[in-house]
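Notes for the one structure printed next.
Number of protein chains: 2
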Amino acid sequence: MKEIQTVWPVGVKKTKPRACVLSVLEHAESPLSAMDIYSRIEKDTSTVWLSTIYRILELFVEKGVVVKTTVMNNEMAIYELNHYQHKHYAVCVSCRKIVAMNNCPMEKFVPKLADNGFHVLGHKVEMYGYCKECDPNP
Amino acid sequence: MKEIQTVWPVGVKKTKPRACVLSVLEHAESPLSAMDIYSRIEKDTSTVWLSTIYRILELFVEKGVVVKTTVMNNEMAIYELNHYQHKHYAVCVSCRKIVAMNNCPMEKFVPKLADNGFHVLGHKVEMYGYCKECDPNP
DNA sequence: TATGTAAATGCACATGATTCGCATTTGCAT
DNA sequence: ATGCAAATGCGAATCATGTGCATTTACATA
Ligand SMILES: [Mn+2]
Ligand SMILES: [Mn+2]
Ligand SMILES: [Zn+2]
Ligand SMILES: [Zn+2]
Chain B
695 MKEIQTVWPV
705 GVKKTKPRAC
715 VLSVLEHAES
725 PLSAMDIYSR
735 IEKDTSTVWL
745 STIYRILELF
755 VEKGVVVKTT
765 VMNNEMAIYE
775 LNHYQHKHYA
785 VCVSCRKIVA
795 MNNCPMEKFV
805 PKLADNGFHV
815 LGHKVEMYGY
825 CKECDPNP
Chain Y
695 MKEIQTVWPV
705 GVKKTKPRAC
715 VLSVLEHAES
725 PLSAMDIYSR
735 IEKDTSTVWL
745 STIYRILELF
755 VEKGVVVKTT
765 VMNNEMAIYE
775 LNHYQHKHYA
785 VCVSCRKIVA
795 MNNCPMEKFV
805 PKLADNGFHV
815 LGHKVEMYGY
825 CKECDPNP
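Protein sequence lines correspond, in order, to chains B and Y.
Counting from 1 along the first sequence, just add 694 to a position and that's the residue number in my numbering.
Counting from 1 along the second sequence, just add 694 to a position and that's the residue number in my numbering.
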């Protein structure tokens with residue numbers, strides 16, 4: 695496994711389980727669930743308990759190095775390194791593959807809300823459909 | 695409680711628990727969770743078990759009379775009558791109130807997806823922020 | 001209108017993701 | 001090297017949701 699090194703979050707004790715989780719996330723090609731991370735650790739390094747992974751992810755999210763999301767009407771949460779860029783995803787309804795979206799529909803959009811005093815802080819956009827491999831009518 | 699009467703879904707046996715659930719949804723001002731529905735039934739009519747409510751909701755969704763959604767990174771699912779109109783919501787991060795959005799940013803938008811063969815079927819848009827009552831800096 | 005039958009419900013218990021508690025271990029300041 | 005607060009291993013709890021099965025109910029038919 696290649697050695698990529700992200701900046702270690704400040705004020706966070708450097709332990710083996712934490713390094714494992716961060717390493718897995720550094721090598722991930724798309725967001726991973728806690729269970730995904732668990733599986734990917736076992737292979738080459740020491741085993742880390744699932745509850746510990748949850749605790750580590752919570753810490754990393756709090757420190758801002760990791761972003762937590764969910765896609766497709768609540769299932770498992772997924773986690774990825776925080777690249778400090780505004781992002782959205784498309785999800786394949788068949789194989790659940792996650793595909794990045796490189797633009798955002800909210801840029802030039804003013805929402806009309808029923809509560810006209812609503813103070814918008816952010817948004818979430820998600821596309822769903824078939825990825826190239828799963829499309830029944832391409 | 696006023697008598698509103700939606701069309702009863704075709705081929706669905708008319709039972710008391712089902713009528714209760716539908717009635718609660720007819721009188722709801724915004725989407726409700728299964729537990730919300732459970733609470734609102736107890737008051738005036740007979741009690742319906744929570745697992746039964748889940749079964750009824752699943753049936754109604756299947757029959758197309760009810761729409762199931764989730765808001766704000768997975769929690770409880772929420773349900774509302776299907777009014778056959780394209781909708782999105784804003785959610786208050788403080789009180790969790792749900793506010794309808796009356797326009798859609800995806801209308802004139804072409805997503806740029808990493809998988810260029812992705813076949814888009816639909817989308818989900820969600821705003822979050824403070825409702826009028828909860829806004830700390832109005 | 002009485003009755004038979006498949007389907008719906010009450011109720012208890014299973015599930016699966018996530019969290020919590022506590023004894024043991026570990027990283028790091030001294 | 002040593003001590004101590006903080007992190008982890010491990011089990012057991014939680015919480016929304018789903019399942020299994022005996023009993024009850026809606027509705028078709030006589
Ligand atoms: Mn956006
Ligand atoms: Mn839309
Ligand atoms: Zn796919
Ligand atoms: Zn609010």
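By construction, the Cβ of each residue, glycine as well, lies at the ideal position given by its N, Cα and C atoms.
Margin query: Given the structure, does V819/Y come close to ligand 2, in the sense that its CB is under 7 Å from one of the ligand's heavy atoms?
Written below: Along the second sequence, read from residue 1 onward, the residue named residue 819/Y stands at position 125. Within the cutoff, so yes.
Check: Taking just the CA atoms, how far does G823/B sit from E736/Y?
Finding: Within the second sequence, numbered from 1, the residue matching residue 736/Y stands at position 42. Within the first sequence, numbered from 1, the residue matching residue 823/B stands at position 129. Looking at the two C-alpha atoms, the distance is approximately 40 Å.
Item checked: Between the CA atoms of M821/B and V814/Y - distance to the nearest angstrom -> Here residue 814/Y refers to the residue found at position 120 when the second sequence is read from its first residue. Here residue 821/B refers to the residue found at position 127 when the first sequence is read from its first residue. Looking at the backbone, the Cα of V814/Y and that of M821/B are separated by about 7 Å.
Notebook entry, point to check: Does the distance from the CB of V785/B to the CB of M770/B come in under 8 Å?
Noted result: As a working note, residue 785/B is residue 91 in the first sequence. As a working note, residue 770/B is residue 76 in the first sequence. It is not a contact, given that the beta carbons lie outside the stated cut-off.
Notebook entry, point to check: Per DSSP, I772/Y forms a beta bridge with which residues?
Noted result: For the purposes of this step, residue 772/Y is taken as residue 78 along the second sequence, with counting starting at 1. Looking at the DSSP assignment, I772/Y forms a beta bridge with T763/Y.
Check: What do you get for A728/B, buried or exposed, if any count of 16 or more other CB atoms within 10 angstroms of its CB means buried?
Finding: Position 34 of the first sequence, counted from the start, is the residue given in the question as residue 728/B. A728/B should be labelled buried.
Notebook entry, point to check: Who are H782/B's beta bridge partners in DSSP?
Noted result: Residue numbering aside, residue 782/B sits at position 88 when the first sequence is read from its first letter. Looking at the DSSP assignment, H782/B forms a beta bridge with M795/B.
Notebook entry, point to check: Does ligand 4 have a heavy atom nearer than 7 Å to the CB of S724/Y?
Noted result: Numbered from its first residue, the second sequence carries residue 724/Y at position 30. It does not: the Cβ of S724/Y is nowhere closer than 7 Å to a heavy atom of ligand 4.
Margin query: Here's a check: name, in chain order, each residue in its chain whose Cβ is nearer than 7 Å to the Cβ of A808/B, leaving out the five neighbours to either side.
Written below: Within the first sequence, numbered from 1, the residue matching residue 808/B stands at position 114. Apart from sequence neighbours up to five positions away, no residue of its chain approaches A808/B with a beta-carbon distance below 7 Å.
Check: Using CA coordinates, which residue listed in V760/Y, H780/Y and N831/Y is at the minimum distance from P703/Y?
Finding: By one-based count along the second sequence, residue 703/Y stands at place 9. The option with the nearest alpha carbon to P703/Y is V760/Y.
Item checked: DSSP-derived helix/strand/coil call for K826/B -> Walking along the first sequence from the start, residue 826/B turns up at place 132. Coil, per DSSP.
Notebook entry, point to check: Going along the chain, which residues of its own chain have a beta-carbon closer than 7 Å to the beta-carbon of K708/Y, five neighbours each way excluded?
Noted result: Start at 1 with the first residue of the second sequence, and residue 708/Y comes out as number 14. Hits under 7 Å: W702.
Checklist line | Proximity test, Cβ basis, 8 Å: K806/B and chain Y | finding: Sequence index remark: in the first sequence, residue 806/B carries index 112 (1-based). Yes, K806/B lies at the interface with chain Y (some Cβ there is under 8 Å from its Cβ).
Note to self: Here's the rule I'm using: 16 or more other beta-carbon atoms within 10 Å means buried, otherwise exposed. How should H782/Y be labelled?
What the structure shows: In the second sequence, residue 782/Y corresponds to position 88, counting from 1. The residue is buried, with at least 16 neighbouring Cβ atoms inside 10 Å.
Notebook entry, point to check: Which chain Y residues are close to K781/B, counting only those with a beta carbon under 8 Å from its beta carbon?
Noted result: Along the first sequence, read from residue 1 onward, the residue named residue 781/B stands at position 87. The premise fails here: K781/B is roughly 11 Å from chain Y at the closest Cβ pair, so nothing lies under 8 Å.
Check: Are the C-beta of F754/Y and some C-beta of chain B separated by less than 8 Å?
Finding: Indexing the second sequence from 1 puts residue 754/Y at position 60. Taking Cβ atoms only, chain B never reaches closer than 8 Å to F754/Y, which makes this a no.
Checklist line | Environment of H687/Y [buried if 16+ CB atoms lie within 10 Å] | finding: Only positions 695 to 832 of chain Y appear in the structure, and residue 687/Y is not among them; the question remains open.
Check: Straight-line CA distance for E720/B to A713/B?
Finding: If you number the first sequence from 1, residue 720/B lands on position 26. If you number the first sequence from 1, residue 713/B lands on position 19. Each residue's alpha carbon lies about 10 Å from the other.
Notebook entry, point to check: Any C-beta of chain Y sitting closer than 8 Å to the C-beta of V761/B?
Noted result: The residue given as residue 761/B occupies position 67 in the first sequence. Taking Cβ atoms only, chain Y never reaches closer than 8 Å to V761/B, which makes this a no.
Check: If you measure from each residue's Cβ to the nearest non-hydrogen atom of ligand 3, which ones come out under 5 Å, in chain order?
Finding: C786/B, S788/B, C789/B, K791/B, C825/B and C828/B
Check: Can you tell which of N810/B, Y748/B and C789/B has the C-alpha that lies nearest to the C-alpha of Y773/B?
Finding: Here residue 773/B corresponds to residue number 79 of the first sequence, with the count starting at 1. Considering only alpha carbons, the answer is Y748/B.
Item checked: P799/B and M800/Y closer than 8 Å at C-beta -> The residue you call residue 799/B lines up with position 105 of the first sequence. The residue you call residue 800/Y lines up with position 106 of the second sequence. Cβ atoms of P799/B and M800/Y: closer than 8 Å.
Next item on the list: On the DSSP bridge assignment, give the partners of K818/Y in chain order.
Entry: Residue 818/Y sits at position 124 when you count from the first residue of the second sequence. Bridge partners of K818/Y: E820/B.
Item checked: Option in V787/Y, R734/Y and Y778/Y with minimal Cα separation from H817/B -> As a first step, residue 817/B is located in the first sequence; it is residue number 123 there, counting from the start. The candidate whose alpha carbon is nearest that of H817/B is V787/Y.
Notebook entry, point to check: Looking at the unbroken alpha helix (DSSP H) that takes in K806/Y, where does it start and where does it end?
Noted result: Looking up residue 806/Y in the second sequence gives position 112. Looking at the DSSP string, K806/Y is not in any alpha helix (DSSP H), and its letter there is neither H nor E.
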